[in-house]
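**Q**
This is the structure in structure tokens:
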């Protein structure tokens with residue numbers, strides 16, 4: 025970057041700015057990299073190669089590099105130690121970092137004069153042996169593997185009926201339904217032992233929440249009657265076959281109807297739903313449950329009881345360039361569901377929107393506006409915001425994809441990514457200020473977002489012109 029600054033400086037154009045870049049990056053390899061890619065307009069064709077030093081920087085610096093497009097890493101032979109058998113080895117810190125590089129499919133290169141017998145081959149054998157320390161692939165890892173850094177449009181289950189394969193994928197999540205079962209049991213434990221509880225599952229799908237509720241009733245030693253309300257005709261067929269096969273009889277009533285149009289014959293003690301999206305409210309759970317609460321008794325219980333969405337500034341050249349490759353404005357004004365992998369979160373996520381059910385407000389208003397501020401823990405380039413949710417199902421039973429409170433083993437939801445049109449550089453200690461709106465009209469719901477510090481970005485998705493939920 026310094027050489028480039030000198031070359032451009034000779035022309036007399038922009039020399040002061042490029043000289044300041046050279047000064048800034050002199051003692052910071054990341055700054056040198058960030059200056060280079062900025063000069064190249066954040067091109068997806070420019071990647072980084074790291075040379076690993078004997079003394080690794082702090083973990084937060086290593087994490088920052090894991091959010092960059094690192095293609096290769098050079099390991100000089102002088103950073104290796106020798107074990108009792110005379111074979112090369114690395115310090116525990118180096119080993120941990122190399123394993124992280126393996127996860128990101130970074131090519132490793134060994135350079136320098138061999139310091140053991142056998143040339144460079146023993147070094148390569150040792151590095152290959154570190155791959156055995158990669159986490160074993162369980163159901164969660166097998167499911168998530170194909171979706172790492174793969175941008176997806178969020179589901180719109182109110183507009184579209186889900187396919188059987190989608191249901192099947194979600195039904196494999198052991199954690200979500202275990203938590204729902206625990207929440208229903210806790211709610212039933214709070215009822216009188218001789219009471220028959222009316223429980224309604226709205227958006228029953230192919231029946232996992234019905235089965236969880238029946239198991240909870242058995243565990244709590246309570247009697248329940250269940251209404252399973254589902255609008256997808258294909259899922260209703262599965263529900264009816266399940267009812268017959270499992271002998272549920274009169275204990276379960278299957279209702280083939282949109283919950284927004286159903287006229288319930290009686291009111292429920294407990295209303296169970298799983299209408300949450302990756303951002304909590306982005307699949308219109310507030311609007312659906314506000315309408316469905318007419319089925320609920322005045323002292324009735326909603327599961328979930330509340331949910332909160334969170335955002336955090338993040339860096340990811342890979343994801344930003346994926347969005348840029350679509351070559352249209354609306355791609356930068358869309359929220360994407362994505363299993364974040366090659367990224368770095370720049371601060372702890374903060375809450376922005378919360379919804380509580382049942383909502384007994386005299387006038388229900390699901391619009392929201394929030395300003396959140398973060399302190400940059402390191403110098404970085406902001407490419408947008410990572411988004412998560414937490415949900416309280418009942419009392420202390422919850423589910424979460426927020427990294428701070430994540431429900432281990434759960435894979436029904438990936439985070440969301442809200443991009444910004446132009447990446448913004450922030451220095452360590454800078455305040456990163458974000459603004460986000462949830463807007464509601466009679467026909468659709470949409471988000472708008474902007475960065476307002478340290479630079480002001482354009483407002484993204486004004487009026488829901490590019491991305492909306494209906």
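In the working numbering, the protein residues as written are 25 to 494.
Heads up, the beta-carbon is just placed ideally off N, CA and C, and yes, glycines get one too.
The structure presented is a predicted model; accordingly, all values stated were derived computationally and were not measured.
Excluding the 5 residues preceding and the 5 following residue 349 in the sequence, name in chain order all residues of the same chain whose CB lies nearer than 6 Å to its CB.
**A** Taken in chain order, the list of residues that qualify is empty.
**Q** What residues in its chain sit with their C-beta under 6 Å from that of residue 314, if we drop five residues either side in the sequence?
**A** Cβ within range, chain order: 383 and 388.
**Q** Nearest to residue 152 by alpha carbon, out of 130, 141, 454 and 168?
**A** Closest option to residue 152, Cα to Cα, is 130.
**Q** Any contact between the segment 300-307 and the segment 275-283? By contact I mean 3 or more CB pairs, one from each, below 8 Å.
**A** No, because fewer than three Cβ pairs between the segment 300-307 and the segment 275-283 fall closer than 8 Å, the two stretches do not touch.
**Q** Using only the alpha-carbon positions, how far apart do residue 105 and residue 116 sit?
**A** C-alpha separation (whole angstroms): 11 Å.
**Q** Would you mind working out which of 246, 308, 232 and 408 sits nearest residue 221, comparing C-alpha positions?
**A** Nearest of 246, 308, 232 and 408 to residue 221, Cα basis: 246.
**Q** Looking only at C-alpha atoms, which of 259, 294 and 156 sits nearest to residue 280?
**A** That would be 259, whose Cα lies nearest to the Cα of residue 280.
**Q** Give every residue of the same chain whose Cβ lies closer than 6 Å to the Cβ of residue 248, excluding the five residues on either side of it in the sequence, and list them in chain order.
**A** Only 221, 223 and 241 meet the Cβ criterion.
**Q** Quick check on residue 362: does DSSP put it in helix, strand or coil?
**A** It is coil, neither helix nor strand.
**Q** From the DSSP secondary-structure annotation, give me the bridge partner or partners of residue 416.
**A** Residue 416 is bridged to 330 and 422.
**Q** Taking just the CA atoms, how far does residue 269 sit from residue 156?
**A** For residue 156 and residue 269, the distance between alpha carbons rounds to 45 Å.
**Q** Could you check the C-alpha separation between residue 289 and residue 335 for me, to the nearest Å?
**A** Roughly 41 Å between the two C-alpha positions.
**Q** Going by other Cβ atoms of all chains shown within 10 Å of its Cβ, with 16 needed for buried, is residue 85 buried or exposed?
**A** Residue 85 should be labelled exposed.
**Q** When the distance is taken between beta carbons, is residue 234 closer than 7 Å to residue 206?
**A** No.
**Q** Exposed or buried, what is residue 137 when buried is set at 16 or more other beta-carbons lying within 10 Å of its beta-carbon?
**A** The residue is exposed, with fewer than 16 neighbouring Cβ atoms inside 10 Å.
**Q** State the DSSP-derived secondary structure class of residue 491, mapped to helix, strand or coil.
**A** Three-state result, residue 491: coil.
**Q** Tell me the rounded alpha-carbon separation between residue 420 and residue 107.
**A** Roughly 50 Å between the two C-alpha positions.
**Q** Is residue 194 helix, strand or coil when you go by DSSP?
**A** It is helical.
**Q** Give the secondary structure of residue 335 by DSSP, where H, G and I count as helix, E and B as strand, and everything else as coil.
**A** Note: residue 335 maps to strand in three-state DSSP.
**Q** Please state the DSSP three-state secondary structure of residue 347.
**A** DSSP places residue 347 in helix when its eight states are reduced to three.
**Q** Using the three-state DSSP reduction, which class does residue 402 fall into: helix, strand or coil?
**A** Note: residue 402 maps to coil in three-state DSSP.
**Q** Helix, strand or coil for residue 260? Go by DSSP, reduced to three states.
**A** Helix.
**Q** Three Cβ pairs or more, each shorter than 8 Å: is that satisfied between the segment 318-328 and the segment 394-406?
**A** No contact exists between the segment 318-328 and the segment 394-406.
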